[in-house]
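Undergrad: Terminal number for the sequence shown in the numbering used here: 302, no gaps in between.
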Amino acid sequence: MSTTILQPGVYVANLTPMDASLQPDVPLLINHLEALLAQGAQGIALLGTTGEANSFSLQERKDLITAVTSAGIPGHRLMVGTGCCAYTDTISLTRHAVEHGINSILMLPPFYYKQINDQGLFRYFQTVIEGVGTTDMEIYLYHFPKMTGVNFSIPLLEMLIEHYPNQVVGMKDSSGDLEHSKSICKHFPGFRLFAGTEKYLLDILHAGGSGCISATANVTVGQCTRVFQNWQNSQAEALQSAATAQRQVFEGLPFVSILKQYLAETTGNSQWLHVRPPNALVEDEKVHEIVSQMKDLVTT
Numbered sequence: 003m004s005t006t007i008l009q010p011g012v013y014v015a016n017l018t019p020m021d022a023s024l025q026p027d028v029p030l031l032i033n034h035l036e037a038l039l040a041q042g043a044q045g046i047a048l049l050g051t052t053g054e055a056n057s058f059s060l061q062e063r064k065d066l067i068t069a070v071t072s073a074g075i076p077g078h079r080l081m082v083g084t085g086c087c088a089y090t091d092t093i094s095l096t097r098h099a100v101e102h103g104i105n106s107i108l109m110l111p112p113f114y115y116k117q118i119n120d121q122g123l124f125r126y127f128q129t130v131i132e133g134v135g136t137t138d139m140e141i142y143l144y145h146f147p148k149m150t151g152v153n154f155s156i157p158l159l160e161m162l163i164e165h166y167p168n169q170v171v172g173m174k175d176s177s178g179d180l181e182h183s184k185s186i187c188k189h190f191p192g193f194r195l196f197a198g199t200e201k202y203l204l205d206i207l208h209a210g211g212s213g214c215i216s217a218t219a220n221v222t223v224g225q226c227t228r229v230f231q232n233w234q235n236s237q238a239e240a241l242q243s244a245a246t247a248q249r250q251v252f253e254g255l256p257f258v259s260i261l262k263q264y265l266a267e268t269t270g271n272s273q274w275l276h277v278r279p280p281n282a283l284v285e286d287e288k289v290h291e292i293v294s295q296m297k298d299l300v301t302t
């Protein structure tokens, strides 16, 4: 098992900046990741939903992993999304990540076929784990039923943890169901559960979880980090309320687009205004409204 175990804290599900031809803007990406780490992020969740991973080919994803690690972003500060519908693609991408020093893997379930039972899902992860062929990785299951149509049941988690206790070590729970997250923490003490939103950061920490992996932390990482740093003291509730208020400004909007447009507006860098289809930008009026609301929250 790898010694670079993912530490508790706030992880940013990073955006992937692109140029006008919709190719990754690697220098801007590296600058963004370095800034997030400097602002207190424990780490980065690379190539997740917010990073538009499923709009990139397998080779493009491998190239991004290579670029980020070659730029000096430490592997122990990264987790990388490798889950694909085809288990062969998942194996290939996971091997590439591990070979480049990223041992923490965020793994979607196969998400095309529906009405798949626990045995089928277990077989998928079994095939991937044994196909990658290394114990030098830790897998965080990516639970996002709104996007995948797949649920990780308690019996399925029991099977995976029983058979692969050193590989299946945690989860990103983006179900939006706080009680579901708490039940997993209760059933599996020591299982490293990360909430998919900072709204639940304090609740998850008190339930025995490890932190959050957040899309909106691309622009709110400072406030999120303050919650984590103070979660056991008297400031925690007020700090959590402030983090929740910032998150709620963006809720109900397509995160990839609005967060990129927010960064373009607040940094003056129009390179953030590129998203791959099928994502599309929101109207400018909404962006200006979001910027105004965030200014009010940050200054109060």
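Where is the CB? At the ideal position from N, CA and C, for every residue including glycine.
If distances are taken between C-alpha atoms only, which option among LEU66, ALA43 and PRO10 comes closest to LEU30?
TA: Against the sequence shown, residue 30 aligns to sequence position 28. Per the Cα distances, LEU66.
Undergrad: Give a yes or no on whether the C-beta atoms belonging to TYR13 and ILE215 are separated by under 8 Å.
TA: Numbered from its first residue, the sequence shown carries residue 13 at position 11. Numbered from its first residue, the sequence shown carries residue 215 at position 213. The answer is yes: Cβ separation under 8 Å.
Undergrad: Report the three-state DSSP secondary structure of MET81 (helix, strand or coil).
TA: Numbered from 1 along the sequence shown, position 79 holds the residue referred to as residue 81. If DSSP states are grouped into helix, strand and coil, MET81 belongs with the strands.
Undergrad: Tell me the rounded alpha-carbon separation between THR227 and ALA55.
TA: Numbered from 1 along the sequence shown, position 225 holds the residue referred to as residue 227. Numbered from 1 along the sequence shown, position 53 holds the residue referred to as residue 55. Rounded to the nearest angstrom, the two C-alpha atoms are 25 Å apart.
Undergrad: Is it buried or exposed, THR5, if we count other Cβ atoms within 10 angstroms and call 16 or more buried?
TA: Locating residue 5 in the sequence shown gives position 3, where the first residue counts as 1. Because THR5 carries a pLDDT of 49, less than 50, the predicted location of this residue cannot be relied on, and no value is offered for it.
Undergrad: Please confirm whether SER216 has its beta-carbon closer than 8 Å to some beta-carbon of chain C.
TA: Structure shown: chain C not included; a single protein chain is present.
Undergrad: Given LEU207, which residues of its chain have a CB within under 6 Å of its CB, disregarding the five upstream and five downstream residues?
TA: Here residue 207 refers to the residue found at position 205 of the sequence shown. Result list for LEU207: TRP233, in chain order.
Undergrad: Would you please state the rounded distance, in angstroms, between the beta carbons of HIS34 and THR71? I believe it to be under 8 Å.
TA: Against the sequence shown, residue 34 aligns to sequence position 32. Against the sequence shown, residue 71 aligns to sequence position 69. Actually they are not in contact, since the Cβ atoms of HIS34 and THR71 sit about 16 Å apart, beyond 8 Å.
Undergrad: Counting pairs of Cβ atoms below 8 Å between the region 112-127 and the region 155-166, do you hit three or more?
TA: The answer is yes - the region 155-166 touches the region 112-127, with three or more Cβ pairs under 8 Å.
Undergrad: Tell whether a beta-carbon distance below 8 Å holds between GLY210 and ALA197.
TA: Numbered from its first residue, the sequence shown carries residue 210 at position 208. Numbered from its first residue, the sequence shown carries residue 197 at position 195. Contact flag unset, no.
Undergrad: Compare the Cα-Cα distances from ASN271 to each of ARG278, VAL277, LYS262 and PRO279 and report the closest residue.
TA: Here residue 271 corresponds to residue number 269 of the sequence shown, with the count starting at 1. That would be LYS262, whose Cα lies nearest to the Cα of ASN271.
Undergrad: Taking the alpha helix (DSSP H) that SER72 belongs to, which residues open and close that run?
TA: The residue you call residue 72 lines up with position 70 of the sequence shown. Here the alpha helix (DSSP H) through SER72 covers 60-72.
Undergrad: Nearest to SER177 by alpha carbon, out of LYS201, ASN168, ILE292 and GLU132?
TA: Taking the first residue of the sequence shown as position 1, residue 177 is located at position 175. Minimum Cα distance to SER177 is reached at LYS201.
Undergrad: Can we count TRP274 as close to the ligand GDP, meaning its CB is less than 7 Å from some heavy atom?
TA: Absence of the ligand GDP is noted for the structure shown, with no ligands found whatsoever.
Undergrad: Using DSSP bridges, identify the partner residues of SER272.
TA: What you label residue 272 is simply residue 270 of the sequence shown in a count that begins at 1. The partner list for SER272 (beta bridge, DSSP) is empty, contrary to what the question assumes.
Undergrad: Mind checking which residues open and close the beta strand (DSSP E) that includes GLU140?
TA: Taking the sequence shown and counting its residues from 1, one reaches residue 140 at position 138. Residues 140-145.
Undergrad: Give the range of the beta strand (DSSP E) segment to which ARG194 is assigned.
TA: Within the sequence shown, residue 194 is the residue found at index 192, counting from 1. Its beta strand (DSSP E) spans residues 194-197.
Undergrad: Under the assumption that ALA47 contacts LEU108 (Cβ atoms under 8 Å), give the Cβ distance between them as a whole number of angstroms.
TA: Taking the first residue of the sequence shown as 1, we reach residue 47 at position 45. Taking the first residue of the sequence shown as 1, we reach residue 108 at position 106. Correct: roughly 6 Å between the Cβ atoms.
Undergrad: Nearest by alpha-carbon distance to LEU265: which of ASN16, GLY11 and LEU39 is it?
TA: Translated into the one-based positions of the sequence shown, residue 265 becomes position 263. It is ASN16.
Undergrad: DSSP on LYS174, reduced to helix/strand/coil?
TA: By 1-based counting over the sequence shown, the position of residue 174 is 172. Looking at LYS174 - three-state DSSP - the assignment turns out to be strand.
Undergrad: Residue range of the alpha helix (DSSP H) that MET109 falls in?
TA: Reading the sequence shown from its first residue, position 107 is the one you call residue 109. From DSSP, MET109 is part of no alpha helix (DSSP H) but of the beta strand (DSSP E) over 106-109.
Undergrad: Is ILE75 helix, strand or coil by DSSP?
TA: The residue labelled residue 75 in the question sits at position 73 within the sequence shown. Of the three classes helix, strand and coil, the one that applies to ILE75 here is coil, per DSSP.
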